[in-house]
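Following: one structure in structure tokens, then a few remarks.
In the numbering used here, the protein residues as written are 1288 to 1444.
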């Protein structure tokens, strides 16, 4: 289980929620995930995202899978994973960061979300705490991450 941030290309004339509702309406939970088929423009977006994250944040590992392009941060403050699918992307942070460490990793996650927004036009939203990533407060996200991490450590260990 991870703390997830969603990024989506909002369809013209729709809100973020309406776009997500349309995307989710077509999902068959029993079907295989659709294979990754990016346009040239989306591939260029990915290259810009990858380059900028590497430049602005530091070392990342990148991989291409059948269903997404993925990058993971390497080193402190912890692993943040970005999965890019062209019109959607997701950022995942494991529930294992508490206190000041949670704030550091959520600042990193929000920074990556802003880079994705800048380079792709996707819109980011953190549904865990109900705020957009562009203007949201990473402190609020860190409090949530830290609380759930502490709960999991005490109840699931």
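Ideal Cβ positions, reconstructed from N, Cα and C, are used throughout, including at glycine. Since the model is a prediction, treat every value here as computed from it, not as a measurement.
{"Item": "Cβ neighbour criterion (16 or more within 10 Å) applied to residue 1361", "Value": "exposed"}
{"Item": "Backbone secondary structure at residue 1375 - three-state DSSP", "Value": "strand"}
{"Item": "Cut-off 8 Å between Cβ atoms - residues of its own chain near residue 1382, not counting five sequence neighbours on either side", "Value": "1288, 1289, 1290, 1432, 1435, 1436 and 1439"}
{"Item": "Residue 1337 versus 1407, 1414 and 1306, residue with shortest Cα-Cα distance", "Value": "1407"}
{"Item": "Alpha helix (DSSP H) runs contained entirely in the stretch 1366 to 1437, provided each spans 4 or more residues", "Value": "1386 to 1407"}
{"Item": "Neighbourhood of residue 1389 by C-beta distance below 6 Å, restricted to the same chain and skipping five residues each side", "Value": "1429, 1432 and 1433"}
{"Item": "Range covered by the beta strand (DSSP E) that runs through residue 1291", "Value": "1289 to 1295"}
{"Item": "Given 8 Å, three or more beta-carbon pairs between the stretch 1301 to 1308 and the stretch 1340 to 1352", "Value": "no"}
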